[in-house]
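The block underneath contains the structure these notes are about, expressed in structure tokens.
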Amino acid sequence: LGLCLITQITTGLFLAMHYTADIASAFSSVAHICRDVQYGWLIRNLHANGASMFFICLYLHIGRGIYYGSYIYKETWNTGVILLLLTMATAFMGYVLPWGQMSFWG
């Protein structure tokens, strides 16, 4: 889980250096990253697939917690649920950030 998070932060920072947060040019900046930035396509794919791997590891972590009965510790479990919801909200924001067709139609 930690390795996935470090990968997401590292690739996200690199992508943020080349991303333009404007409605008119957001999609063009993503295309620029993939086409013109050296290994930009690789960094973007690592970031996209890393998000999926992060959630797989997160769900395995939750499953392990359920298996071992960690939900008995209410405060810890509630903190984990809040972190899960915040992570899902962050992933949703990253999903709509490129302003492509998938952002509009899901």
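Count the sequence shown with the numbering used here and you get residues 33 to 138, in order. Yeah, the Cβ is synthetic: ideal placement off N, Cα and C, and Gly gets one too.
A contact is defined here as three or more CB-CB pairs under 8 Å, and the stretch 86–99 meets this definition with respect to the stretch 112–120. In the structure shown, the three-state DSSP call for V113 is helix.
Its Cα nearest to that of G82, the residue L33 stands out among Y105, W137, S135 and L33. Excluding its 5 nearest sequence neighbours in each direction, Y103 has C-beta neighbours in its own chain below 6 Å: W109, listed in chain order. Shown here, W131 sits in coil according to DSSP, grouped into three states, outside any helix or strand.
By the C-beta density criterion, R76 is buried, having at least 16 other C-beta atoms within 10 angstroms.
For V62, the number of other beta carbons within 10 angstroms of its own is at least 16, and it is reported as buried.
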